[in-house]
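Visitor: Sequence lines, in order, name chains V and C.
The first sequence begins at 361 in the numbering used here and counts up by one.
The second sequence begins at 361 in the numbering used here and counts up by one.
There are 2 protein chains.
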Amino acid sequence: LDSGSVEQARARQSQLTKPPGSLGRLEEIAVQMAGITRSVVPVVQRRAVVVMAADHGVTAEGVSAYPKDVTPQMVLNFLSGGAAINALARQAQSDVTVVDIGVAADLEHPNLLSRKVRRGTANMAREAAMSQAEVLQAINVGVEVIENLAEQGLDLVATGEMGIGNTTAASALTACFLDVPVEYVTGRGTGIDDQQLAHKVRIVEQAITHNAPDAAQPLDVLAKLGGLEIAGLVGVILAAAARHIPSIIDGFISSAAALVACALAPTVRDYLFAGHLSVERGHRLILEKLHLEPLLNLQLRLGEGTGAVLAMHIIEGALRTHQEMATFAEAGVSNKNA
Amino acid sequence: LDSGSVEQARARQSQLTKPPGSLGRLEEIAVQMAGITRSVVPVVQRRAVVVMAADHGVTAEGVSAYPKDVTPQMVLNFLSGGAAINALARQAQSDVTVVDIGVAADLEHPNLLSRKVRRGTANMAREAAMSQAEVLQAINVGVEVIENLAEQGLDLVATGEMGIGNTTAASALTACFLDVPVEYVTGRGTGIDDQQLAHKVRIVEQAITHNAPDAAQPLDVLAKLGGLEIAGLVGVILAAAARHIPSIIDGFISSAAALVACALAPTVRDYLFAGHLSVERGHRLILEKLHLEPLLNLQLRLGEGTGAVLAMHIIEGALRTHQEMATFAEAGVSNKNA
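(1) Going by beta carbon distance, what residues of the same chain come within less than 8 Å of A346 of chain C, once the five residues before and after it are set aside?
(2) Excluding sequence positions up to five away, which residues of its chain have a Cβ less than 8 Å from the Cβ of L647 of chain C?
(3) Mind the definition here: the segment 468 to 488 of chain V touches the segment 509 to 516 of chain V only if three or more C-beta pairs lie below 8 Å; say whether that holds.
(4) How many Å lie between D701 of chain V and L386 of chain C at the Cα?
(5) Would you call P402 of chain V buried or exposed, if buried means 16 or more other Cβ atoms sit within 10 Å of its Cβ?
(6) Taking buried to mean at least 16 other C-beta atoms within 10 Å of its own C-beta, is T569 of chain V buried or exposed?
(7) What do you reckon, are the CB atoms on V409 of chain V and A449 of chain V nearer than 8 Å?
(8) Tell me which residues share the same chain as A575 of chain V and place their Cβ nearer than 8 Å to its Cβ, disregarding the 5 neighbours each side in the sequence.
(9) Under 8 Å between beta-carbons, which chain V residues line up against T778 of chain C? List them in chain order, please.
(10) Name the DSSP bridge partner or partners of V410 of chain V?
(11) Where do the ends of the alpha helix (DSSP H) carrying S531 of chain V lie?
(12) Three or more C-beta pairs under 8 Å: does that hold for the segment 424 to 443 of chain C against the segment 371 to 381 of chain C?
(13) Suppose the cutoff is 8 Å on Cβ atoms and the five residues either side in sequence are ignored; what does the same chain contact list for V542 of chain C look like?
(14) For L660 of chain V and T481 of chain C, what's the separation of their Cα atoms in angstroms?
(15) Terminal residues of the continuous beta strand (DSSP E) containing I609 of chain C?
(16) Taking the straight line between their C-alpha atoms, what separation do you get for L645 of chain C and N471 of chain C?
(17) Output needed in chain order: residues of the segment 680 to 693 of chain C with a Cβ under 8 Å from some Cβ in chain V.
(18) Please list the partners that H673 of chain V has in chain C, where partner means a Cβ-to-Cβ separation under 7 Å.
(19) What three-state label does DSSP hand T431 of chain V in the structure shown?
(20) Nearest to G525 of chain V by CA position, among V:Q577, V:Q405, V:V418, V:V400, is which residue?
(21) Show which residues of chain C have a CB atom less than 8 Å away from the CB atom of P427 of chain V.
(22) Quick check: what's the CA-CA separation for Q492 of chain V versus E521 of chain V?
(23) Can you tell me whether A698 of chain V is buried or exposed, with buried defined as 16 or more other CB within 10 angstroms of its CB?
(24) Thinking C-alpha only, which one of V:I675, V:K649, V:R486 is nearest R407 of chain V?
(25) Indicate whether at least one CB of chain C lies closer than 8 Å to the CB of K649 of chain V.
(26) Should E421 of chain V be flagged as near chain C, meaning a C-beta pair shorter than 8 Å?
(27) Buried or exposed: which applies to H651 of chain C, given that a residue is buried once 16 or more other Cβ atoms fall within 10 Å of its Cβ?
(28) Quick check on V693 of chain V: buried or exposed, where buried means 16 or more other Cβ atoms within 10 Å of its Cβ?
(29) Give a yes or no on whether 8 Å exceeds the smallest Cβ distance from T550 of chain V to chain C.
(30) Taking only beta carbons into account, state which residues of the segment 433 to 445 of chain C come closer than 9 Å to chain V, listed in chain order.
(31) What do you reckon, are the CB atoms on A601 of chain V and V639 of chain V nearer than 8 Å?
(32) Can V594 of chain V and G523 of chain V be called in contact, C-beta distance under 8 Å?
(33) For Q433 of chain C and S440 of chain C, I'd like the C-alpha separation in whole angstroms.
(34) Ordered along the chain, which non-local residues of its own chain (more than five positions away) have a Cβ less than 6 Å from that of G592 of chain V?
(35) How many angstroms separate the CA atom of M490 of chain V from the CA atom of T550 of chain V?
(36) Figure out for me which residue from C:A394, C:N446, C:Q451, C:A529 has the closest Cα to the Cα of F612 of chain C.
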């Protein structure tokens, strides 16, 4: 973060007509945004949520409550504006960029970015989900998406995803990077019962045992246990940080991508905001590991970028108070120490 | 709450393109809003934050970090648009209604509602803060403000306040209604140190002992230990509920008003949303007593209605997803049980 901008933003906060610190995290957000953007009074105009969609071979093991047909069906729902992310993006005046990075179906739509790396991952319970070349290609898709948005003047990006089976991949990645038992980081996803949850834990354990990823090699772990949409989001997060654009991370799957990105480049963490705390049990552990405090806690577990886009209002509130409030001198208000 | 609207709103939620329950509290909010407004798909157009301002005689005891001149100075700041509440209200497209219900200074401004009941309360450490007649008059001011806003089509109201010394009054009310030791519910307000905090606790204890309010008589407690702005907000909360208008309660002081309102009319609680959890230590206890879960937790402690207005975006997100999302049938998405 740019320390000059951070210091000047802090100095500005201390002059605004409120008791010092009384806006709590809004003050911290404004200061962090100043450091990210290298602007003492940052503004956020262009916003986008990047929704990466892909399928997961591991759904063959019966780990999800929904059939994998739902992935392409929901992509079409995003494109026709009928999903939760569309409603919340309209509210937040955010663009929605939908990317087919690996859906296991043929999809065509004028507003769809078709960047299919392959038709879904392989079944990680039996083989590596992807090759190293495919992982790099998927990361590059995310980088390219951000490069294009940045050229149009992107100020703030939210990460979103869709992929039946992707909490299974996120659990495997999280167990591996945090070195914790699989059951600590495996939840009910879209809504499986106790028996199905026990089965999902076994499948994730099998995937880790069978693939034996090297936790010190983030790309090896990502290739063996990840997903195409997760790799794409790694690219989004890395490229946004490189461009000094803040990212709001959504829930468990997006946070697994953030975990990989921070393993590759630890300073990226300073460019991240955690949009919310998901119900998925592994999510809290990832946020603790990354020292990120969620902005919202509304028991969401939908993904798509919903919690991240809802959190855009908090970031905007922080920037509006930082920018628009009068100083003690301007307003003729007595300061505490005056 | 209207049970027909609640049931129909629940039925609608189960048809929207998402796993059941995956929007967490957003779903609950939409259903509660349906019950409050008696509309299956409620819309929130006109929003207002009512900021009640008044002074407190107990500031003579040195309980606050700021001089009481700050009350009228901040009222003028609200009226010229330079306070935190103005910035956040502009973001949320909310009107700001500023009411002088008892500032101890002469204030005039075309946009100020001048409804002064008296020039600040008496010093509750030595006598009752107000008479019963004054309490009723202050409650009536709040009722009248809501009646006028409702005639213009108010859909959602946030409670706000300004008054140097008013955390002291809120602590006294809270200790009394919750029957807990004063130190459990007395915090640092605008920023006092340990020694000043110990003094503040003693002053609140003295106020309770000296006035000996009858906890079974909410108006007696309010008169002896309350504030004019707190009484005004009691009127706001009661009148909004009577008109089927939801209220978003801000922090500690607003919640003390909600506590009084619910003591007078327990069903009012169903019409309330807790905007956020304040740093003021008594706040959590009030919310637990009222069984209200805060929508935000951002370590705010400013008051003015800031946390409540910021929470308007969460309510809007709940209503937008409820209204705008496609159903499984509309979008051609496979349902879990299909």
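C-beta atoms are modelled at their ideal positions from N, C-alpha and C, and glycine is treated no differently.
Guide: This is what the structure holds:
(1) Here chain C has residues from 361 to 698 only, and residue 346 of chain C is not among them.
(2) Closer than 8 Å at Cβ, skipping near neighbours: S615, A634, L637, E653, P654.
(3) The segment 468 to 488 of chain V is not in contact with the segment 509 to 516 of chain V.
(4) What the structure shows of chain V is the stretch from 361 to 698, and residue 701 of chain V is not part of that stretch, so it cannot be assessed.
(5) The residue is buried, with at least 16 neighbouring Cβ atoms inside 10 Å.
(6) With fewer than 16 other CB atoms across the displayed protein chains lying within 10 angstroms of its CB, T569 of chain V is exposed.
(7) Taking 8 Å as the cut-off, the beta carbon of V409 of chain V is found closer than this to the beta carbon of A449 of chain V.
(8) So the qualifying residues of the chain are C536, F537, D539, V581.
(9) Beyond the ends of chain C as shown, which are 361 and 698, falls residue 778 of chain C; an answer cannot be given.
(10) V:T457, V:T519.
(11) Going by DSSP, S531 of chain V is part of the alpha helix (DSSP H) stretching over 526 to 538.
(12) Remark: fewer than three beta-carbon pairs, one from each stretch, lie closer than 8 Å, so the segment 424 to 443 of chain C and the segment 371 to 381 of chain C are not flagged as touching.
(13) Here the set comprises S531, A532, A535, V561, V564, E565, I568.
(14) Taking the straight line from one Cα to the other gives about 45 Å.
(15) 607 to 609 is the span of the beta strand (DSSP E), which, as asked, contains I609 of chain C.
(16) C-alpha separation (whole angstroms): 36 Å.
(17) Along the segment 680 to 693 of chain C, the positions whose C-beta sits under 8 Å from a C-beta of chain V are R680, T681, Q683, E684, M685, A686, E690, A691, G692, V693, read in chain order.
(18) What H673 of chain V touches in chain C: H673.
(19) In the three-state DSSP reduction, T431 of chain V falls in the helix class (H, G or I).
(20) Comparing Cα positions, the closest option is V:V418.
(21) Per Cβ cutoff of 8 Å: S694.
(22) Each residue's CA atom was taken as its position, placing Q492 of chain V and E521 of chain V some 21 Å apart.
(23) For A698 of chain V, the predicted structure reports a pLDDT of 44, less than 50, and the residue's modelled location is therefore unreliable. The matter cannot be settled from this model.
(24) The shortest Cα separation from R407 of chain V among V:I675, V:K649, V:R486 belongs to V:I675.
(25) Not closer than 8 Å to any Cβ of chain C, the Cβ of K649 of chain V fails to qualify, so no.
(26) No, E421 of chain V lies away from the interface with chain C (no Cβ there is under 8 Å from its Cβ).
(27) Burial call: exposed.
(28) V693 of chain V is buried by the Cβ-count criterion.
(29) A Cβ of chain C is located within less than 8 Å of the beta carbon of T550 of chain V.
(30) Within the segment 433 to 445 of chain C, the residues whose Cβ lies closer than 9 Å to some Cβ of chain V are Q433, M434, L436, N437, S440, G441, G442, A443, A444, listed in chain order.
(31) Going by beta carbons, A601 of chain V and V639 of chain V fall outside the 8 Å limit.
(32) No, these two residues do not count as a Cβ contact at 8 Å.
(33) Annotation: Q433 of chain C to S440 of chain C spans about 11 Å, alpha carbon to alpha carbon.
(34) Within the same chain, M412, I461, A498, V501, G502 come within 6 Å of G592 of chain V by CB-CB distance, once the 5 residues on both sides are set aside.
(35) Their Cα atoms are separated by approximately 24 Å.
(36) Closest in alpha carbon position to F612 of chain C, among C:A394, C:N446, C:Q451, C:A529, is C:A529.
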